[in-house]
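Below: one structure, written as structure tokens.
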Amino acid sequence: MRARAAAAPPPRPAARDDGPGVGERILSTATDLFYREGVRAVGIQRVIDEAGIAKASLYAHYPSKDDLVAACLARHAAAARAGIEARLARPGLDPRARLLALFDYQVESIAGADFRGCPFLNVNSEIAESAHPAKRVIAAQRAWLHDLIAGLVADAGATSPHQLAGTLVVLFDGSSASSTIDADPAAARHARWAAAQLLDAHLPGRRRRQSRARRRR
Numbered sequence: 004m005r006a007r008a009a010a011a012p013p014p015r016p017a018a019r020d021d022g023p024g025v026g027e028r029i030l031s032t033a034t035d036l037f038y039r040e041g042v043r044a045v046g047i048q049r050v051i052d053e054a055g056i057a058k059a060s061l062y063a064h065y066p067s068k069d070d071l072v073a074a075c076l077a078r079h080a081a082a083a084r085a086g087i088e089a090r091l092a093r094p095g096l097d098p099r100a101r102l103l104a105l106f107d108y109q110v111e112s113i114a115g116a117d118f119r120g121c122p123f124l125n126v127n128s129e130i131a132e133s134a135h136p137a138k139r140v141i142a143a144q145r146a147w148l149h150d151l152i153a154g155l156v157a158d159a160g161a162t163s164p165h166q167l168a169g170t171l172v173v174l175f176d177g178s179s180a181s182s183t184i185d186a187d188p189a190a191a192r193h194a195r196w197a198a199a200q201l202l203d204a205h206l207p208g209r210r211r212r213q214s215r216a217r218r219r220r
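According to our numbering, the sequence shown is numbered sequentially starting from 4.
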């Protein structure tokens, strides 16, 4: 009896290199793959196949994989900044509420079905080369986050602002790392609670109100 021939694999989608959307298709495909599966695990050919483009088109937009990784991180950075700035711009927020709104944004992000950890921490852990272009993107995003939190702490008139700002950064980062390792978004809620306790201890107005409340008991 003759053995049945193995089924042919499904054909790959034809390369579609026409029109202005090629660069966006490359970037969106690579951003998704690198975030879900890791920078080292995903090769250039995988991006080419998934995006349905020719290799020459990819290299016309991104001279190397390193450049593509950096561009993907820049996209993550822009999205994070836009999301955080929109949250902080909501009307009626005092300085304390704006700081906690930053943590509310983190809680919602980590609870999302697509969350796979902090993209900057993920890539930083995979790439050792200090000259990699992605390292510059990471450094710029970290500087932005540190400056943002320091500015919000200063606006709130906190005592020990340098220590408070540094601790809030650690809480913000740690919530992402712990949630990823434990596969549990609860760490983000714990970090938000801890941030509220710290702010109440270091914002003069809050301390005075708490002191009066204790004396009335």
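Think of the CB as a built atom: it goes at the ideal place given N, C-alpha and C, for glycine as much as any other residue. Nothing here was measured: the structure is a model prediction, and the numbers come from that model.
Quiz item: Count the other CB atoms within 10 Å of the CB of A142; is the residue buried (16 or more) or exposed (fewer)?
Solution: Counting from 1 along the sequence shown, the entry for residue 142 is found at position 139. Exposed, because fewer than 16 other Cβ atoms sit within 10 Å of the Cβ of A142.
Self-check item: T162 in three-state terms, based on DSSP
Solution: Taking the sequence shown and counting its residues from 1, one reaches residue 162 at position 159. Coil, per DSSP.
Self-check item: Option in R99, E111, V25, E129 with minimal Cα separation from A73
Solution: As a first step, residue 73 must be located in the sequence shown, where it is residue number 70. The candidate whose alpha carbon is nearest that of A73 is E129.
Quiz item: How about G26 and H79: do their beta carbons lie closer than 8 Å?
Solution: Reading the sequence shown from its first residue, position 23 is the one you call residue 26. Reading the sequence shown from its first residue, position 76 is the one you call residue 79. Taking 8 Å as the Cβ cut-off, G26 and H79 do not qualify as a contacting pair.
Practice problem: Whole angstroms is fine: what's the gap from I152's alpha carbon to A57's? | Solution: Within the sequence shown, residue 152 is the residue found at index 149, counting from 1. Within the sequence shown, residue 57 is the residue found at index 54, counting from 1. Each residue's Cα considered, the two are about 43 Å apart.
Quiz prompt | Sufficient close CB pairs (3 or more, under 8 Å) joining the segment 35–55 to the segment 83–96 | solution = no
Quiz item: Where in the segment 75–151 do unbroken runs of the alpha helix (DSSP H), each at least 4 residues long, occur, reported from the N-terminal end onward?
Solution: 98–114, 122–129
Exercise. Please work out which residues of its chain come closer than 7 Å, Cβ to Cβ, to S181, disregarding the five sequence neighbours upstream and downstream, and give them in chain order.
Key: For the purposes of this step, residue 181 is taken as residue 178 along the sequence shown, with counting starting at 1. The answer, listed in chain order, is A190.
Quiz item: Got a sec? Which residues, its chain only, sit under 7 Å from P207 by beta carbon, not counting five neighbours each side?
Solution: Along the sequence shown, read from residue 1 onward, the residue named residue 207 stands at position 204. Cβ neighbours of P207 beyond the five flanking positions: G160, T162.
Quiz item: Buried or exposed: P66, going by 16 or more other Cβ atoms within 10 Å of its Cβ?
Solution: Position 63 of the sequence shown, counted from the first residue, corresponds to residue 66. So P66 counts as exposed.
Self-check item: Where P94 falls, given that 16 or more other Cβ within 10 Å makes a residue buried
Solution: For the purposes of this step, residue 94 is taken as residue 91 along the sequence shown, with counting starting at 1. With fewer than 16 other Cβ atoms within 10 Å, it is exposed.
Quiz item: Given V172, which residues of its chain have a CB within under 8 Å of its CB, disregarding the five upstream and five downstream residues?
Solution: Here residue 172 refers to the residue found at position 169 when the sequence shown is read from its first residue. L148, H149, I152, listed in sequence order.
Quiz item: From A114, A194, A137, pick the residue whose C-alpha is nearest to that of N127; which is it?
Solution: Here residue 127 is taken as the residue at index 124 of the sequence shown, counted from 1. Minimum Cα distance to N127 is reached at A137.
Exercise. Give me the Cα-Cα distance between A157 and H135, rounded to the nearest whole angstrom.
Key: As a working note, residue 157 is residue 154 in the sequence shown. As a working note, residue 135 is residue 132 in the sequence shown. Their Cα atoms are separated by approximately 34 Å.
Quiz item: For F106 versus R195, is the C-beta distance shorter than 8 Å?
Solution: Position 103 of the sequence shown, counting from 1, holds the residue named residue 106. Position 192 of the sequence shown, counting from 1, holds the residue named residue 195. Yes, these two residues count as a Cβ contact at 8 Å.
Quiz item: Anyone know if the C-beta pair for T32 and A54 falls short of 8 Å?
Solution: In the sequence shown, the residue the question calls residue 32 occupies position 29. In the sequence shown, the residue the question calls residue 54 occupies position 51. In contact: T32 and A54 (Cβ atoms closer than 8 Å).
Quiz item: Which residue from L155, C121, L167, L201 puts its Cα closest to that of L96?
Solution: As a working mapping, residue 96 is identified with position 93 in the sequence shown. That would be L155, whose Cα lies nearest to the Cα of L96.
Quiz item: Which residue comes first and which comes last in the alpha helix (DSSP H) that contains Y65?
Solution: Within the sequence shown, the letter at position 62 stands for residue 65. No alpha helix (DSSP H) contains Y65, which DSSP labels as neither H nor E.
Exercise. Verify whether the separation of the beta carbon atoms of V110 and R192 is less than 8 Å.
Key: Position 107 of the sequence shown, counted from the first residue, corresponds to residue 110. Position 189 of the sequence shown, counted from the first residue, corresponds to residue 192. Yes, they are a contact pair.
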